[in-house]
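Under my numbering, read the sequence shown as residues 6 to 303, first letter to last.
Ideal placement from N, C-alpha and C gives every residue a C-beta, glycine not left out.
This report concerns only the one structure given below.
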Amino acid sequence: MTHFVVTALDASRSLPLHALGELIEHSAHRLHAQVAERAEHGTGVRAVLESGSTEPARAHAVNLRRSLAQDAAAAGVRLDLAVQPSDLRRPPRLLVMDMDSTLITIEVIDELARRHGVGAEVAAITERAMRGELDFEASLRARVHKLAGLPASALDAVAASLELSPGAAELIAAMQARGVAVAIASGGFSFAADLLRQRLGLTAAFSNQLELSAGALTGRVLGNVVTAERKAEVVHELAAAAGVTPQEAVAIGDGANDRLMLAAAGFGVAFRAKPALAAVADATIDHGGLERVLEMLD
């Protein structure tokens with residue numbers, strides 16, 4: 006038998022905790038799993054499930070989470086959920102986060118495009134890329150091309166206006182207090198990522214550099230683009246540098262470009278994510294803030 010740890014956090018506290026526990030049991034039974042134990046945990050319930058499934062443990066955990074999410078939605082309950090095979094749970098030693106719409110509230114490229122009068126064109130390309138409908142590198146270069154001529158002062162203005170996502174500061178501070186290395190792996194831009202690295206005291210930031218000439222963007226990206234594959238490599242590289250295993254890493258993202266990064270880490274969290282990412286994540290946070298990662302890990 007394989008054991009799975011379920012953390013179900015009720016954003017609206019719309020169900021009594023005993024009823025939330027019963028919802029977990031019902032959902033588990035649909036996939037031939039049994040609840041071995043359950044208890045109150047933070048703003049919800051922590052349960053341990055037993056399953057005799059021959060499916061790979063991490064894949065089965067994702068299916069258990071999907072089943073519970075479907076039942077919760079049918080009952081009108083807003084849950085943030087995590088399901089992990091118990092033997093794969095590790096104390097976190099590394100946290101790698103996407104930047105746009107994850108660590109911060111906006112898509113930086115969309116804000117730059119808005120200031121340049123090409124917002125609708127760029128936003129349409131961004132959405133298709135985040136849903137996995139377009140190759141990320143090609144779509145990024147196409148979007149950046151539309152920014153040609155944007156003054157460098159616009160980058161400074163956007164950088165000054167960046168807001169952290171709810172719970173981000175709390176999550177990062179708690180992780181750093183535990184000695185966890187925290188880094189950014191972003192398909193976004195270095196002028197924003199490097200500022201956040203300095204502001205938050207992060208270990209590293211991997212992102213794309215926009216080319217400037219005569220005080221304006223040229224519409225080109227310098228060097229190699231940070232792709233989905235590169236994000237996964239970052240998890241492995243940072244883990245090796247920290248002397249830990251990727252299984253001890255947590256990765257958080259919101260788009261299809263984060264799938265490989267989440268798969269590379271021991272615990273992958275989809276934060277207010279597109280369906281393509283939410284479908285494969287160990288955990289989904291759709292209602293609460295990023296501080297909920299702490300409840301899921303504790």
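query: For R43, which three-state DSSP category applies?; result: strand
query: Given a threshold of 16 other Cβ atoms within 10 Å of its Cβ, counted over all protein chains shown, does R183 qualify as buried or as exposed?; result: exposed
query: Three or more beta-carbon pairs under 8 Å between the segment 143-151 and the segment 111-124, yes or no?; result: yes
query: Applying the 10 Å Cβ sphere with the 16-neighbour rule, what's the burial state of H65?; result: buried
query: What's the C-alpha gap between R98 and L160?; result: 33 Å
query: Would you tell me roughly how many angstroms separate the C-alpha atoms of S158 and A219, rounded to the nearest one?; result: 12 Å
query: Report the option in G258, M104, D291 and V88 whose CA atom is closest to the CA atom of S212.; result: M104
query: Have a look at S106, H121, A247 and A129 and flag the residue whose alpha-carbon is nearest the alpha-carbon of A221.; result: H121
query: Bridge partners of E55, per DSSP?; result: H8 and Q39
query: For H46 and H23, I'd like the C-alpha separation in whole angstroms.; result: 12 Å
query: Please classify S166: is it buried, with 16 or more other beta-carbons within 10 angstroms of its beta-carbon, or exposed?; result: exposed
query: How about D92 and T7: do their beta carbons lie closer than 9 Å?; result: yes
query: Quick one: is T59 buried, meaning 16 or more other Cβ sit within 10 Å of its Cβ, or exposed?; result: exposed
query: A210 and L217 look like a contact to me (Cβ under 8 Å); what is the Cβ gap, rounded to whole Å?; result: Contact flag wrong, Cβ pair sits at about 19 Å.
query: Is it true that the CB of R94 sits closer than 9 Å to the CB of V10?; result: yes
query: State yes or no: is the C-beta of A16 within less than 9 Å of the C-beta of L73?; result: no
query: Between which two residues does the beta strand (DSSP E) containing L222 stretch?; result: A221 to L227
query: State the CB to CB distance for the pair L215 and K236, rounded to an integer number of angstroms; the pair is presumed to be in contact (CB under 8 Å).; result: Not confirmed; about 19 Å, so no contact.
query: For S218, name the three-state secondary structure that DSSP assigns.; result: strand
query: Count the other C-beta atoms from every protein chain shown that fall within 10 angstroms of the C-beta of L227, then say buried if there are 16 or more, exposed otherwise.; result: exposed
query: How about the segment 127-142 and the segment 283-300: do they share at least three Cβ pairs that are nearer than 8 Å?; result: no
query: Under a Cβ-count criterion, where at least 16 other Cβ atoms within 10 Å of its own Cβ denotes burial, should D303 be classed as buried or exposed?; result: exposed
query: For E30, I'd like the list of residues in its chain whose CB is within less than 6 Å of its CB, leaving aside the five on either flank, ordered along the chain.; result: V40
query: Compute the distance between the beta-carbons of V240 and T208, then report whether it is under 9 Å.; result: no
query: Measuring straight from C-alpha to C-alpha, what distance separates D199 and A33?; result: 44 Å
query: Given a cut-off of 9 Å on the beta-carbon distance, is the pair A244 and G258 in contact?; result: no
query: Is the CB-CB distance between A118 and A128 below 9 Å?; result: yes
query: Using a Cβ-Cβ cutoff of less than 8 Å, which residues in the same chain neighbour V123 once the five nearest sequence positions on both sides are dropped?; result: K151 and L152
query: So, helix, strand or coil for P61, using DSSP?; result: coil
query: What does the alpha-carbon distance come out to for the pair R63 and R51?; result: 18 Å
query: Could you have a look at P90 and say whether DSSP puts it in helix, strand or coil?; result: strand
query: Taking the beta carbon of N262 as the centre, do at least 16 other beta carbons fall within 10 Å, making it buried, or is it exposed?; result: buried
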